[in-house]
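**Q** Next up is a structure, given as C-alpha cells.
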Amino acid sequence: MSKPLKVAVIGTGGISRTHMPGWEASPYTEVVAAADVNAAALEDFGSKFGVEKLYTDTNDIFGDPTIDIVDICTPNRLHTPLVLSALAAGKHVICEKPLAPTPDEIRLMIDARDRAGKLLMTAQHFRFRTGSQGM
2 MSKPLKVAVI
12 GTGGISRTHM
22 PGWEASPYTE
32 VVAAADVNAA
42 ALEDFGSKFG
52 VEKLYTDTND
62 IFGDPTIDIV
72 DICTPNRLHT
82 PLVLSALAAG
92 KHVICEKPLA
102 PTPDEIRLMI
112 DARDRAGKLL
122 MTAQHFRFRT
132 GSQGM
C-alpha cells in the first residue's frame, strides 16, 4: 500500500479513545478528521491525538473526498443514520457496538453497504454473549 487510508472518527467521547491506539499502531491508516457536537470534547480529542480537521457537523466528513473510512463512536441511537449517511457518501464504515438496536436496522445497513460497494464492520467484541447472539 503506497499511502495510508484516511480515517475520520465521529463521536470523540470515551469509546473513541479506545479505538485510537489501534488506528495509531497501524501503518495502513491515519486519523485525519473528527466530528462531535460537543465542541469541548472535540477540541480535547484533536489536541490529544493531533487531529487537525475538527467538525461539529458530520456532513463535513461525509463530503470530504479524501476520507476513506468513518469510525462511528457515538451513542447507539445515532448509529443507523450515521452508518447510512457514511455509506451513501462512499465511505467504508466501522461502527461501535451494537451496530444497530434492531435487526431491521442492520438489514438497512447491509443493503446500503451492498449498494455502496463498501465495507461495513462492527467493533463487536461481545459477539458471543447471549444478548448479542440474539441479534
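The working numbering puts the first residue of the sequence shown at 2, with every later residue one more than the last.
Glycine included, each C-beta is placed from N, C-alpha and C at the ideal position.
Indicate the three-state DSSP secondary structure (helix, strand or coil) for K119 in the structure shown.
**A** By one-based count along the sequence shown, residue 119 stands at place 118. If DSSP states are grouped into helix, strand and coil, K119 belongs with coil.
**Q** Can you tell me whether DSSP reads T59 as helix, strand or coil?
**A** Taking the sequence shown and counting its residues from 1, the one referred to as residue 59 is at position 58. Looking at T59 - three-state DSSP - the assignment turns out to be helix.
**Q** Which residue marks the beginning of the beta strand (DSSP E) containing E31, and which one marks its end?
**A** Translated into the one-based positions of the sequence shown, residue 31 becomes position 30. Unbroken beta strand (DSSP E) run through E31: 30 to 36.
**Q** Which residues mark the beginning and the end of the alpha helix (DSSP H) in which E97 is found?
**A** Numbered from its first residue, the sequence shown carries residue 97 at position 96. No alpha helix (DSSP H) contains E97, which is instead part of the beta strand (DSSP E) from 93 to 97.
**Q** How big is the Cα-Cα spacing for T57 and A35?
**A** As a working note, residue 57 is residue 56 in the sequence shown. As a working note, residue 35 is residue 34 in the sequence shown. Approximately 9 Å between the Cα atoms of the pair.
**Q** What are the start and end residues of the alpha helix (DSSP H) that includes V84?
**A** The residue you call residue 84 lines up with position 83 of the sequence shown. That run of the alpha helix (DSSP H) goes 80 to 89.
**Q** Judging by CA-CA distance, which residue of T59, N60, T75, E44 is the nearest neighbour of K98?
**A** Counting from one through the sequence shown, the residue named residue 98 turns up at place 97. That would be T75, whose Cα lies nearest to the Cα of K98.
**Q** Identify every residue that forms a DSSP beta bridge with L6.
**A** Residue 6 sits at position 5 when you count from the first residue of the sequence shown. Bridge partners of L6: T30.
**Q** Report the option in L79, P28, S48, L83 whose CA atom is closest to the CA atom of D61.
**A** The residue labelled residue 61 in the question sits at position 60 within the sequence shown. When each option's Cα is compared against that of D61, the closest is L83.
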